Amino acid sequence: MKNICFYFQIHQPHRLKRYRFFNIGGDHYYYDDFANEDFIQRVAEISFVPANRVMLEIIKEYKGKFKAAFSISGVALDQLEIYAPEVIDGFKELADTGCVEFLAETQGHSLASLIDPEGFKQQVKNHSEKIEILFGQKPKVFRNTELIYSDDIASLVYEMGYTGILTPGAKRTLGWKSPNYVYQSAEQPKLKLLMRNPRFSDDIATRFSNYSWSEYPLTADKFIGWIAATPKEEQVINLFMNYEVLGNFQKKSSGIFDFMRALPRFAAEKNIGFATPSEILSLHKPVDSISSMHPISWVGEERDISAWLGNSLQQEAFNKLYEIAERVSLSQSRRLVQDWIYLQSSDHFYYMGTKNDLPFSPYASPYEAFNTYMNVLSDFKERVEAEFPSSIETEELNSLLTTIHNQADEIERLEEMIKKLEAPEKPESKPKGTAKPKAVSKAKTDEKPKSVTAKKPVSKPKEKKEVTPKPDKTVAAKSKAVKK
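Going by full-length UniProt numbering, the first residue of the sequence shown is number 1, and it counts up by one from there.
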C-alpha cells in the first residue's frame with residue numbers, strides 16, 4: 001500500500017530593527033517588535049489558524065486515517081506564544097488526535113550544523129525539550145534547517161539518538177534513484193533517510209495557483225491519480241513544504257483548503273494511505289545507502305547552501321558570528337544566550353543573498369541587510385567581550401568558570417551542613433522493648449499493685465534479666481519472705 005507522508009515547516013525569524021553604527025554600545029535590544037508582531041498575527045490569521053482547523057476537520061472526518069508531521073522552530077514557538085497563542089492551542093489539539101507527529105530541529109533555525117557541532121547539539125536538545133513540554137511528544141525524527149543534509153550531519157544526528165532524518169531528495173545525491181523509497185545513511189547505516197519528492201511537493205507548494213502551468217488547475221483527483229501511477233514498488237511519497245503554503249503562499253481563494261479536504265477521499269479510492277515519518281520508517285526497510293559529502297538543501301535550483309553562504313558578505317557575517325561561539329557557550333546570562341540563538345537564524349544570511357530576488361526580505365538590498373546585521377553583531381560581541389575578555393584564553397576561562405562553579409557547589413554544601421547543625425535536635429526514638437514506662441497518674445497511685453505470677457523456668461535455672469520498673473518496698477518485703 002502506498003502512503004503519503006505530509007510534512008510542514010513552521011518558522012518565522014526575529015526580524016532586526018534598523019540598527020545603525022551609532023547604536024553600538026548604547027542599545028542592546030535588536031529586534032523590530034512591531035514588525036514581528038504584525039507579521040506573526042497576519043500569517044496566523046490567514047494561514048496557521050485556518051490550516052490547523054482544516055487539518056483537525058480532516059482527521060475527524062476520516063477517523064484518524066489522515067496524518068501529517070510538523071516542525072516548528074524554537075524562534076517561531078517563542079513568537080507564537082507571545083503574539084498568537086491560539087496557534088499553539090491549535091497544534092495542541094492536533095497533537096491530542098494521535099495523528100500528528102512533531103519533529104526535532106534546531107532551536108534557532110540555524111546553520112550551526114555546518115560549523116559548530118556542540119552548539120548544534122545543544123540547540124536540538126533545547127528544541128526537543130520544548131516540543132515535549134508543549135505537545136507531549138518526544139521527537140524521534142529530525143529535520144535540519146531548510147533540510148540541510150550531509151554525511152557529517154548524519155553522524156551528529158545519529159549520535160543524538162534519532163532514528164531518521166528528512167532530506168531534500170536532490171538529484172545530485174540520488175542520481176537515477178527514486179525518492180519514493182526509504183534509504184539509509186552511508187555514514188551511519190542505522191539512520192534512515194526520508195527523501196522529499198520534489199515534483200509532487202512543488203506541484204502543491206509553488207505551481208498550485210500558477211495560471212501558466214500546463215497542468216493548471218490542479219485538482220485532488222488528478223493529483224492522486226499521478227501518485228497512483230507511480231511504479232507499484234514505490235510505496236513512499238514524501239510531500240515536504242512550508243505550512244504557509246496553506247493560506248499564505250497559496251491564498252484561500254485559490255482553493256488550496258478545498259484541495260486538502262478532498263485528498264483523503266480520492267486517496268482512499270486508489271487504496272493510498274497517509275502516514276507520519278515515524279510510521280513510514282517502521283513500515284519500510286531501507287533499499288540502499290545514500291552518501292552526501294557536501295551539504296544539500298531544498299532551496300534553489302542547485303539544492304545546495306549557496307542561498308545562505310554563496311557570497312562574500314554572507315561568509316563574512318557567518319564567520320564573524322561563529323568565531324565567538326565557544327565563549328558564548330560559557331555564559332550563564334539568559335539574555336545573552338537568547339540573543340545568540342536569535343542571531344543564528346538562517347534568515348539573516350539569506351537576506352544578504354545576491355543570487356535571487358528576496359520577496360520576504362525586510363531590507364531594501366542585501367547590503368543593507370549586511371550592514372544592519374554587522375552593526376548588531378558588533379554590539380553583541382562587545383557584550384560577550386565584557387563578560388569573557390578575549391585577552392584571556394578560552395581554556396583558561398573555562399578553567400576559571402569550573403573553579404567558580406565548584407566553589408559555589410562547596411558553599412552550598414557547607415550551608416546545608418550549617419543548617420543541620422543549627423536545627424534543634426529531635427529526641428532519639430528508642431527501639432521497641434526498651435521504651436520508658438508511662439508515668440502513673442495520681443488517680444492510680446492509690447490502687448494496689450497487681451500481683452505477678454512468676455513463670456516456671458523451662459530448662460535453665462538462670463534467666464536473662466528483664467528491664468522492669470523498680471518494685472516498691474511492699475513487693476520487695478514479700479519477695480524476701482518467699483526466699484527465706
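Ideal placement from N, C-alpha and C gives every residue a C-beta, glycine not left out. This structure is a prediction, so every number in the text was calculated from the model and none was measured.
DSSP-derived helix/strand/coil call for residue i
{"i": "Met293", "result": "coil"}
{"i": "Met160", "result": "coil"}
{"i": "Ser459", "result": "Because Ser459 carries a pLDDT of 48, less than 50, the predicted location of this residue cannot be relied on, and no value is offered for it."}
{"i": "Gly273", "result": "strand"}
{"i": "Lys65", "result": "coil"}
{"i": "Leu103", "result": "coil"}
{"i": "Ser329", "result": "coil"}
{"i": "Tyr211", "result": "coil"}
{"i": "Gln250", "result": "strand"}
{"i": "Lys17", "result": "coil"}
{"i": "Leu166", "result": "strand"}
{"i": "Phe259", "result": "helix"}
{"i": "Phe70", "result": "strand"}
{"i": "Ser390", "result": "coil"}
{"i": "Leu313", "result": "helix"}
{"i": "Ser110", "result": "strand"}
{"i": "Tyr322", "result": "helix"}
Backbone CA spacing between residue i and residue j [nearest angstrom]
{"i": "Lys368", "j": "Asp347", "result": "Strictly speaking, residue 368 in this sequence is Glu, with Lys absent from that position. Each residue's Cα considered, the two are about 14 Å apart."}
{"i": "Lys138", "j": "Ile131", "result": "7 Å"}
{"i": "Ile24", "j": "Tyr30", "result": "10 Å"}
{"i": "Leu343", "j": "Ile280", "result": "35 Å"}
{"i": "Ser289", "j": "Thr173", "result": "11 Å"}
{"i": "Phe249", "j": "Ala205", "result": "8 Å"}
{"i": "Leu80", "j": "His109", "result": "15 Å"}
{"i": "Arg383", "j": "Ala228", "result": "58 Å"}
{"i": "Glu93", "j": "Leu77", "result": "16 Å"}
{"i": "Gln41", "j": "Leu16", "result": "17 Å"}
{"i": "Gln314", "j": "Gly98", "result": "41 Å"}
{"i": "Ser253", "j": "Ala325", "result": "46 Å"}
{"i": "Val124", "j": "Lys140", "result": "12 Å"}
{"i": "Ser282", "j": "Ala275", "result": "10 Å"}
{"i": "Lys320", "j": "Asp116", "result": "13 Å"}
{"i": "Glu37", "j": "Glu416", "result": "47 Å"}
{"i": "Leu421", "j": "Asn406", "result": "23 Å"}
{"i": "Glu316", "j": "Met55", "result": "42 Å"}
{"i": "Leu263", "j": "Trp340", "result": "42 Å"}
{"i": "Ala155", "j": "Arg207", "result": "Sequence inspection shows Ser at residue 155; the Ala mentioned does not correspond to that position. Whole-angstrom Cα-Cα distance: 35 Å."}
{"i": "Phe142", "j": "Ala68", "result": "15 Å"}
{"i": "Arg18", "j": "Thr372", "result": "7 Å"}
Proximity winner among the options, relative to residue i (alpha-carbon distances)
{"i": "Gln188", "options": "Phe370, Asp151 and Phe349", "result": "Asp151"}
{"i": "Gly164", "options": "Phe380, Ser292, Phe8 and Pro277", "result": "Pro277"}
{"i": "Ala267", "options": "Lys320, Gly161, Glu244 and Asp221", "result": "Asp221"}
{"i": "Ser186", "options": "Asn311, Gly64, Asp96 and Ser292", "result": "First, the amino acid is wrong: residue 186 is Ala here, not Ser. Nearest C-alpha to Ala186: Ser292."}
{"i": "Cys5", "options": "Ile256, Glu326, Val236 and Lys252", "result": "Val236"}
{"i": "Met195", "options": "Glu410, Asn180 and Met160", "result": "Asn180"}
{"i": "Glu101", "options": "Gln9, Ala423 and Val287", "result": "Gln9"}
{"i": "Leu147", "options": "Ser113, Glu269 and Gly119", "result": "Ser113"}
{"i": "Leu166", "options": "Ala84, Trp298 and Phe200", "result": "Trp298"}
{"i": "Phe257", "options": "Phe48, Lys2, Tyr19 and Lys355", "result": "Phe48"}
Residue i - containing beta strand (DSSP E), residue span
{"i": "Lys192", "result": "Lys192 to Met195"}
{"i": "Lys2", "result": "Lys2 to Ile10"}
{"i": "Ile237", "result": "Val236 to Asn242"}
{"i": "Tyr183", "result": "Val182 to Ser185"}
Near the ligand GDP: residue i beta-carbon under 7 Å from a heavy atom
{"i": "Pro85", "result": "Looking for the ligand GDP in the displayed structure turns up nothing, as the structure carries no ligands at all."}
Element boundaries [alpha helix (DSSP H), containing residue i]
{"i": "Tyr83", "result": "Gly74 to Tyr83"}
{"i": "Ser278", "result": "Pro277 to Leu283"}
{"i": "Gln41", "result": "Asp33 to Val43"}
{"i": "Tyr342", "result": "Arg334 to Leu343"}
{"i": "Thr372", "result": "Pro366 to Glu387"}
{"i": "Glu302", "result": "Per DSSP, Glu302 belongs to no alpha helix (DSSP H) and is neither H nor E."}
{"i": "Pro139", "result": "Element bounds for Pro139: n/a, residue is neither H nor E."}
{"i": "Asn126", "result": "Pro117 to Phe135"}
{"i": "Phe349", "result": "Ser346 to Tyr350"}
{"i": "Leu174", "result": "Lys171 to Leu174"}
{"i": "Ala229", "result": "It is not in any alpha helix (DSSP H) - Ala229 carries neither H nor E in the DSSP assignment."}
{"i": "Ser201", "result": "Pro198 to Ala205"}
CB contact check: residue i to chain D, cutoff 8 Å
{"i": "Trp176", "result": "The structure shown has no chain D; it contains just one protein chain."}
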